[in-house]
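Notes to accompany the following structure.
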Ligand code: E4P
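Residue numbers (my numbering): 196 to 416.
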């Protein structure tokens with residue numbers, strides 16, 4: 196089964212998605228924190244952790260390995276289901292190698308735009324490889340091809356690193372990620388809403404209820 200994560204730092208959106216009973220985790224990043232209007236990463240992450248039993252990702256802002264490692268030590272101490280997001284750079288790779296040697300070294304390698312980057316983060320011990328599908332599509336590249344290639348490479352070599360389809364823009368991305376064998380898909384709340392809503396379902400339900408009202412309570416029925 197592919198896991199569904201919400202790509203947001205908004206507590207209201209997370210609360211609503213949790214109530215649907217199908218949410219497996221949450222990913223945040225500095226931009227999503229900015230949109231949620233808070234710079235208190237710890238407080239906001241802990242509020243999310245209170246609502247979501249599955250993985251919750253919080254991103255470092257350092258760009259050097261030592262800074263990332265120091266931030267990761269702090270972030271990973273907040274709760275057992277917190278994952279630290281590390282950017283896929285040379286410095287990030289060094290940090291991932293170190294962090295993954297810790298007993299609590301849960302890493303979400305972020306900003307992946309090629310199967311080679313995905314291969315390297317898996318080698319460095321990342322738990323999740325976040326492939327940014329939508330941003331590649333925005334640039335005229337085939338983002339989902341990178342998800343498919345990453346899936347094949349991880350399967351070829353038996354990596355346990357999960358393929359995470361990120362930067363999801365619309366429901367068709369979700370369909371394609373499911374068909375590509377992504378382990379996890381993280382999406383904005385609007386995409387999750389569009390996955391369940393259909394005007395055909397609404398119209399069908401309306402007509403069933405209208406027809407039922409015509410016959411229910413009639414004598415002899
Ligand atoms: C996920 O972890 C990423 O931060 C996110 O999917 C980025 O998506 P965007 O391209 O919509 O900013």
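Heads up, the beta-carbon is just placed ideally off N, CA and C, and yes, glycines get one too.
Please read these numbers as outputs of a predicted model, since none were measured by experiment.
- Query: Is residue 305 helix, strand or coil by DSSP?
  - Reply: Working through the chain shown from its first residue, we reach residue 305 at position 110. Strand at residue 305.
- beta strand (DSSP E) segment containing residue 234, residue limits: Locating residue 234 in the chain shown gives position 39, counting from the first residue. Looking at the DSSP string, residue 234 is not in any beta strand (DSSP E), and its letter there is neither H nor E.
- Query: Around the Cβ of residue 228, are there at least 16 other Cβ atoms within 10 angstroms (buried) or fewer (exposed)?
  - Reply: Position 33 of the chain shown, counted from the first residue, corresponds to residue 228. Buried, by the Cβ-count rule.
- Cα-Cα separation between residue 246 and residue 329, rounded to whole angstroms: As a working note, residue 246 is residue 51 in the chain shown. As a working note, residue 329 is residue 134 in the chain shown. Taking the straight line joining both Cα atoms gives about 27 Å.
- Compute the Euclidean distance between the alpha carbons of residue 200 and residue 374, then round it to the nearest angstrom. As a first step, residue 200 is located in the chain shown; it is residue number 5 there, counting from the start. As a first step, residue 374 is located in the chain shown; it is residue number 179 there, counting from the start. Each residue's Cα considered, the two are about 17 Å apart.
- Query: If you draw a straight line from the alpha carbon of residue 344 to that of residue 257, how long is it in whole angstroms?
  - Reply: As a first step, residue 344 is located in the chain shown; it is residue number 149 there, counting from the start. As a first step, residue 257 is located in the chain shown; it is residue number 62 there, counting from the start. Rounded to the nearest angstrom, the two C-alpha atoms are 29 Å apart.
- Identified DSSP bridge partners for residue 360: Locating residue 360 in the chain shown gives position 165, where the first residue counts as 1. According to DSSP, residue 360 bridges with 326, 380.
- Message: Less than 8 Å between C-beta atoms, sequence neighbours within five positions excluded: which residues of the same chain meet that for residue 243?
- Response: The count along the chain shown starts at 1 and reaches residue 243 at position 48. The answer, listed in chain order, is 204, 206, 209, 221, 223, 251.
- Query: DSSP three-state call for residue 385: helix, strand or coil?
  - Reply: Translated into the one-based positions of the chain shown, residue 385 becomes position 190. Residue 385: helix per DSSP, three-state reduction.
- Task: Taking residue 401 as part of the beta strand (DSSP E), name the residues at either end of that continuous run.
- Result: As a first step, residue 401 must be located in the chain shown, where it is residue number 206. That residue, residue 401, is in no beta strand (DSSP E); its alpha helix (DSSP H) goes 394–410.
- Along the chain, where does the alpha helix (DSSP H) that runs through residue 217 open and close? To locate residue 217, count along the chain shown from 1; it is residue 22. Element bounds for residue 217: n/a, residue is neither H nor E.
- Query: In or out: residue 396 buried (at least 16 other Cβ within 10 Å) or exposed?
  - Reply: Position 201 of the chain shown, counted from the start, is the residue given in the question as residue 396. Under this definition residue 396 is an exposed residue.
- Query: With distances taken between CB atoms, is the gap from residue 327 to residue 304 smaller than 8 Å?
  - Reply: Reading the chain shown from its first residue, position 132 is the one you call residue 327. Reading the chain shown from its first residue, position 109 is the one you call residue 304. No, these two residues do not count as a Cβ contact at 8 Å.
- Query: Would you report the Cα separation of residue 215 and residue 388, rounded to the nearest angstrom?
  - Reply: In the chain shown, the residue the question calls residue 215 occupies position 20. In the chain shown, the residue the question calls residue 388 occupies position 193. Residue 215 and residue 388: Cα-Cα distance of roughly 10 Å.
- residue 280 - partner residues in DSSP beta bridges: Taking the first residue of the chain shown as position 1, residue 280 is located at position 85. BP columns for residue 280 point to 254, 303.
- On the DSSP bridge assignment, give the partners of residue 202 in chain order. Working through the chain shown from its first residue, we reach residue 202 at position 7. Its beta-bridge partners are 222.
- Contact set for residue 296: own chain, Cβ-Cβ below 8 Å, skip 5 residues either direction: Along the chain shown, one-based indexing puts residue 296 at 101. Once the five neighbours on either side are set aside, the close Cβ partners of residue 296 are 320.
- Message: In whole angstroms, give me the CA-to-CA distance for residue 301 and residue 382.
- Response: As a first step, residue 301 must be located in the chain shown, where it is residue number 106. As a first step, residue 382 must be located in the chain shown, where it is residue number 187. Those two C-alpha atoms are separated by around 20 Å.
- Item | residue 368 (DSSP reduced to helix, strand or coil) | Numbered from 1 along the chain shown, position 173 holds the residue referred to as residue 368. Residue state, collapsed to three classes: helix.
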